[in-house]
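First the structure, in the form of structure tokens, and then the observations on it.
Structure representation (structure tokens):
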């Protein structure tokens with residue numbers, strides 16, 4: 061049984077990663093135990109321990125690791141502290157699941173990637189959209205004939221309700237950016253613009269980027285438009301695929317004919333639909349030696365670079 065430790069017991073750690081661990085525990089009984097949880101706020105750590113069954117509570121992560129000697133660690137840290145903490149953790153050689161984004165900017169991600177390579181540190185970054193059931197099916201379909209099925213165009217929409225956080229691109233839209241990069245690779249050219257829609261928040265951002273072999277992506281990011289949507293459309297010479305990253309629905313058309321349809325499950329827990337459960341399972345598999353650590357810090361640098369460019373062109 062894998063002994064996990066959790067660093068960070070805040071809302072995101074609890075409502076996303078904690079809920080995912082609950083589901084994985086039911087799906088794979090006996091696979092892991094939460095040996096300990098650490099948070100600077102001891103009462104918050106205790107609430108996490110009571111809710112998710114962590115064996116011990118700490119406010120000092122170094123002490124937690126020294127005492128508990130876990131097999132792996134989930135490091136769910138605020139963006140502004142991620143580089144400092146992960147830079148301390150990587151040399152320990154403990155398998156890490158690192159919260160996205162992996163640092164405040166692409167330079168931070170590159171520094172961490174270099175440190176991980178120096179210490180051959182096992183790790184993966186929590187870009188969970190790579191693991192959504194909908195996008196996983198698209199990836200599987202493309203992988204069956206990657207040369208013929210490489211997308212020429214990807215269109216994406218990320219819409220939210222009352223998300224007025226100023227760092228929405230860095231903290232949330234980076235999911236959209238990374239999902240596209242995971243299919244097309246590093247961008248070669250980017251244009252982006254932003255329209256303000258009120259006194260707070262991002263407003264509406266649009267961006268498009270060019271990729272290798274003439275591929276292009278175009279996307280809309282609108283965090284305050286009264287709905288929740290995250291969709292992707294993939295176009296090639298004789299195929300069209302649609303994927304609802306939050307609802308799970310997929311359609312595949314070849315030559316204009318519908319050849320596959322997967323209906324989404326409206327009742328599925330959000331952490332199942334958005335890929336966090338599958339990501340957690342992939343991390344546990346990697347720790348057990350049954351799969352790769354993916355994506356790594358190095359894998360995510362193109363996404364971080366693209367996100368940084370988009371934010372800069374949007375005046376953020």
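Numbering (the numbering used here), first residue to last: 61 to 376.
Even for Gly, the Cβ is constructed at its ideal location relative to N, Cα and C.
- Per DSSP, reduced to three states, the secondary structure at residue 184 is strand.
- The three-state secondary structure of residue 353, taken from DSSP, is coil.
- Around the beta carbon of residue 319, fewer than 16 other beta carbons lie within 10 angstroms, which makes this residue exposed.
- Of the residues assessed, residue 61 falls on the exposed side of the cut-off, its CB having fewer than 16 other CB atoms within 10 angstroms.
- Residue 181 and residue 355 have their C-alpha atoms spaced approximately 13 Å apart.
- The beta-carbon separation of residue 331 and residue 76, rounded to 6 Å, stays under the 8 Å limit for a contact.
- In the three-state reduction of the DSSP assignment, residue 207 falls in the coil class, being assigned neither a helical nor a strand state.
- Excluding sequence positions up to five before and after residue 242, its CB lies within less than 6 Å of the CB of 190, all in the same chain and listed in chain order.
- Just measuring C-alpha positions, the residue of 290, 329, 297 sitting nearest residue 310 is 290.
- For the 8 Å CB-CB criterion, residue 172 and residue 146 form a contact.
- Membership of residue 243 in the alpha helix (DSSP H) is indicated by the continuous run 234-244.
- If you check the CB distance, residue 157 and residue 134 come in under 8 Å.
- Spatial neighbours of residue 129 in its own chain (CB-CB distance under 7 Å, excluding positions within 5 residues in sequence) are not present.
- Taken through DSSP and simplified to helix, strand or coil, residue 218 comes out as strand.
- Under DSSP, residue 94 takes part in a beta bridge, and its partners are 64.
- By a beta-carbon distance limit of 8 Å, residue 64 contacts residue 132. Their separation comes to about 6 Å.
- The residue from 344, 300, 267, 304 with its alpha-carbon nearest to that of residue 334 is 304.
- For residue 192, the three-state secondary structure derived from DSSP is coil.
- The beta carbons of residue 211 and residue 294 sit closer together than 8 Å.
- Distances from the alpha-carbon of residue 154 to those of 160, 184, 162 put 184 closest.
- In the three-state reduction of the DSSP assignment, residue 279 falls in the strand class, which pools E and B.
- 8 Å or more divides the Cβ of residue 220 from the Cβ of residue 367.
- Take the alpha-carbon of residue 279 and the one of residue 268: they are about 6 Å apart.
- DSSP, read as helix, strand or coil, puts residue 284 in coil.
- For residue 300, the closest of 264, 307, 306, 312 by C-alpha to C-alpha distance is 312.
- Counting every other CB atom within 10 Å of its CB across the protein chains shown gives residue 247 a total of 16 or more, marking it as buried.
- Note on the stretch 123-187: whole alpha helix (DSSP H) runs with a minimum of 4 residues are 139-149, 166-179, in chain order.
- Here residue 100 has 119 as same chain residues with Cβ atoms under 7 Å from its own Cβ, once five neighbours each way along the sequence are excluded.
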